[in-house]
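J.: Dumping the structure here so I can ask a few things about it.
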């Protein structure tokens, strides 16, 4: 299913997007050396409930997972990259943490992810990983104007990741989003320009470039959810929900304070 939002739906999407961004911003500031991943999950639940919103994850049970996800946020550390299930682990100095959050409110969902280094240690290879996904996300957003095709967005993302020296896995990528978290169209992180669905104003997309330092192969953790790099190398993942507009693309997962400044 592909949804096209009207102006009222887009206004609700902006509100949900700001909520997701605000929660991620708060969690990032609280995620310091010694923070337990299960505390991050508890904080997330409290903020979602306080906002009168619903988690897109806690009851999420797709074919590739082992039962309901059962948590409110994905917490991926170091070699984990996608669907990181919160566990009893305390963050250490230099850990690379990805927080991935999807929330629904007033009938519209928004999805975003941020990768960052915990503490004072900043390994250069980890900084480069994060930077590549952020630059790829910006490139994909810039390519997502009305009349563009999904392949144009995928090509823009994949070009940045490839030029940075990373292999691109196409098993998981971006996706349409609206009244539900995962919708068509699928947005691979590499592709051929001029191919695929033509973008229309009112379409929401969750773009999510992610890479692993020295492989494109994933390995499934024993928890049945967390996807890790097959070689144990570090990973990074950046994501925004965007709306295609008459003039280009608008990033919806922006904190309220940034919107007001």
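In this note's numbering, the protein residues as written are 140 to 400.
Where a beta carbon is used, it is the ideal one built from N, C-alpha and C, also for glycine.
Along the beta strand (DSSP E) that carries residue 323, what are the first and last residues, could you check?
T.: Element bounds for residue 323: 322-326.
J.: My parser needs the alpha helix (DSSP H) runs of 4 or more residues fully inside the region 256-285; what are they?
T.: Segments of the alpha helix (DSSP H) lying fully in the region 256-285: 263-281.
J.: In the DSSP assignment, the beta strand (DSSP E) including residue 331 goes from what residue to what residue?
T.: No beta strand (DSSP E) contains residue 331, which DSSP labels as neither H nor E.
J.: Sort 185, 318, 297, 195 by Cα distance to residue 208 and report the nearest one.
T.: The option with the nearest alpha carbon to residue 208 is 195.
J.: Report buried or exposed for residue 201, applying the criterion of at least 16 other Cβ atoms within 10 angstroms of its Cβ.
T.: It counts as exposed.
J.: Could you please give me the residues that DSSP links to residue 352 through a beta bridge?
T.: Its beta-bridge partners do not exist; DSSP assigns none.
J.: Please list the segments of the alpha helix (DSSP H) lying wholly inside the region 163-206, counting only runs of 4 or more residues, in order along the chain.
T.: Segments of the alpha helix (DSSP H) lying fully in the region 163-206: 176-189.
J.: Closer than 8 Å is the cut-off here; do at least three beta carbon pairs connect the region 247-264 with the region 146-159?
T.: Result yes; three or more Cβ-Cβ pairs closer than 8 Å.
J.: Taking only three categories from DSSP, how would you classify residue 347?
T.: Three-state result, residue 347: coil.
J.: Here's the rule I'm using: 16 or more other beta-carbon atoms within 10 Å means buried, otherwise exposed. How should residue 296 be labelled?
T.: So residue 296 ends up on the buried side.
J.: So what does DSSP say about residue 337, is it helix, strand or coil?
T.: Three-state DSSP puts residue 337 in a strand.
J.: Does the count of Cβ pairs from the region 257-265 and the region 296-316 closer than 8 Å reach three?
T.: No, they do not touch.
J.: To which residues does DSSP link residue 378 through a beta bridge?
T.: Note: residue 378 sits in a beta bridge opposite 252.
J.: Rounded C-beta distance between residue 367 and residue 357? I'm assuming under 8 Å.
T.: The pair is a contact, with the Cβ atoms about 7 Å apart (cut-off 8 Å).
J.: What is the DSSP secondary structure of residue 229, counted as helix, strand or coil?
T.: Here residue 229 sits in strand by DSSP.
J.: So, under 8 Å CB-CB, residue 291 and residue 340 are touching, yes? Tell me the CB distance rounded to an integer number of Å.
T.: Wrong, their Cβ atoms sit about 16 Å apart, outside the cutoff.
J.: Just the C-alpha distance for residue 169 and residue 333, rounded to the nearest angstrom, thanks.
T.: Cα-Cα distance, rounded: 43 Å.
J.: With 16 other CB atoms within 10 Å as the buried threshold, where does residue 322 fall?
T.: With 16 or more other Cβ atoms within 10 Å, it is buried.
J.: Checking 7 Å against the spacing of the C-beta atoms, do residue 176 and residue 279 come in under that value?
T.: No; because the gap between Cβ atoms is not below 7 Å, this pair is not in contact.
J.: What is the DSSP secondary structure of residue 314, reduced to helix, strand or coil?
T.: Correct three-state label for residue 314: strand.
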